[in-house]
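If you count by my numbering, then the sequence shown holds residues 49 to 336, one letter each, in order.
Only one structure is covered here, and it is reproduced in the block below.
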Amino acid sequence: MTAISRALIIGKDGQLAQALIANKPSSIHVTTMGRDDVDIGSLASLITAIELTRAELIINTAAYTQVDMAESQREQAFLVNRDGAGNIALAAKQTRTRLIHLSTDYVFNGQQGQAYSIDDRPDAINVYGASKLAGEQAVMAVNYEDACIVRSSWLYSQFGTNFVKTMLRLMTQQSKLSVIDDQISCPTSASELGQFIWSLSQQDKLAPMYHWSDAGRASWYQFALAIQDIALDLGKLDTRIPIEPISSSQFSSAASRPKFSLLDITASRQIMTAKPWQENLTSVLKQL
49 MTAISRALII
59 GKDGQLAQAL
69 IANKPSSIHV
79 TTMGRDDVDI
89 GSLASLITAI
99 ELTRAELIIN
109 TAAYTQVDMA
119 ESQREQAFLV
129 NRDGAGNIAL
139 AAKQTRTRLI
149 HLSTDYVFNG
159 QQGQAYSIDD
169 RPDAINVYGA
179 SKLAGEQAVM
189 AVNYEDACIV
199 RSSWLYSQFG
209 TNFVKTMLRL
219 MTQQSKLSVI
229 DDQISCPTSA
239 SELGQFIWSL
249 SQQDKLAPMY
259 HWSDAGRASW
269 YQFALAIQDI
279 ALDLGKLDTR
289 IPIEPISSSQ
299 FSSAASRPKF
309 SLLDITASRQ
319 IMTAKPWQEN
329 LTSVLKQL
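So, in C-alpha cells, the structure goes:
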C-alpha cells in the first residue's frame, strides 16, 4: 500500500490520543474527533467523518475504561466498547480505510501463569474486559482485511489520568500507601504505544492482532516503588513514604481483575523495539 498521509483518531480526549498526536510523523496530517464531533453509534456519522477528513487511516482509541463503574454500567460499557467498535469497523470497510482498534489485557482471565500470546483464548472476568472482548469480536466479524486490533496493558503517560500521576499525587498527600502486589502485567508508555501504532500504520499488510507493552513485568506494588524511587531521583518528590504490599483480597473493588495478564509482545518486536518499562517511566516522569 502507499504511505498513509491522513489519519483520523477517534477518542480525542484520552491519554493515548494525546500521545499519538505528540508522536505523529510529520508526514501525516491528523484529525482528532470526540463524542461532540462524531457519533460512534451511527454508521452514517462515522462515514461522513471519514469522508470529510479524507482519512486513509482510522485509529480507534474511544473506549469506556472505568473498570469498577462498568460493573454497574454494563449497558453503557457495551454501547461504547462493543457497538461503537463494530460501527467503526463497518465504516472503515465501507470506505476502504485502514483501521487500528485498541484493546486491553483485561480480555484474559489471568489464570494462565505465563505471558498471553495472540493465539491464547480470551476469557474476561469483569464487565469492562467482557465489553472490550465483545468489541474485538465485533471488529473481527466485519471481516475486513485492512483492520487490526492492538492490545496493551497498564497505560500511563504525562497526559490524562493514570496510575503514575495518581501515585505521584498520593505520595505528596499521604504519609504511607498500600498497593496491590498480586496482580502482574507490564506498564505501557502511551508514547511508545503511539510510536508502535504509527509504525504499524505504514506496514504493507496488517496481521489481525498485535500485543504491545513496555518490556519486562511488574506488580502494581513494584510499579509504585519504581515511581517513588525515580521521582525522588529526579526531584519530583521531596520525601520518601512507606509503601506496603497488599493482596487483592485486602483491597475493596467492584470488579475482579486478572492476577497475571502479561502480554507476549515477541511478534510485535519485529516492527519496533520495546524499551524496559523503567526506562520509559523515567522519560514520562521527566515530563511531569
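Beta carbons are placed, not taken as given, at the ideal position from N, Cα and C, and that holds for glycine.
Note that this is a predicted model, so its numbers are computed, not measured.
For the pair W260 and Q231, the CB atoms are not nearer than the 8 Å cut-off. Here the alpha carbon of I107 sits roughly 23 Å from the alpha carbon of V175. In the three-state reduction of the DSSP assignment, E119 falls in the helix class, which pools H, G and I. In this structure, T79 lies away from I69, with their beta-carbon atoms at least 8 Å apart.
CA-to-CA, the gap between A67 and Y192 works out to about 27 Å. Judged by DSSP in its simplified three-state form, I95 adopts helix.
Cα atoms of Y154 and Q326: separation of roughly 22 Å, rounded to the nearest angstrom. Excluding five sequence positions before and after S151, the CB atoms of its chain that fall closer than 6 Å to its own CB belong to K180, E184, I197, R199, given in chain order. V86 and R102 have their C-alpha atoms some 15 Å from each other.
L336 is a Cβ neighbour of L216, given a cutoff of 8 Å. Residue S90 holds the alpha-carbon nearest to the alpha-carbon of A137 among Q222, S223, Q121, S90. No Cβ-Cβ contact shorter than 8 Å links L56 with A111. Beta-carbon to beta-carbon, V187 and A195 are separated by about 6 Å, close enough to satisfy the 8 Å threshold.
In its chain, beyond the 5 residues on either side, F244, S247 have a beta carbon closer than 6 Å to the beta carbon of M320. Non-local C-beta neighbours of T145 in its own chain, meaning closer than 6 Å and more than five positions away in sequence, comprise I98, A103, I106, ordered along the chain. Here P306 is buried: its Cβ has 16 or more other Cβ atoms, across all protein chains shown, within 10 Å. Excluding its 5 nearest sequence neighbours in each direction, D262 has C-beta neighbours in its own chain below 7 Å: C234, P235, T236, S237, E240, A322, K323, P324, W325, N328, listed in chain order.
For the pair V227 and I291, the CB atoms are nearer than the 8 Å cut-off. Remark: C-beta atoms of T220 and L285 approach each other more closely than 8 Å.
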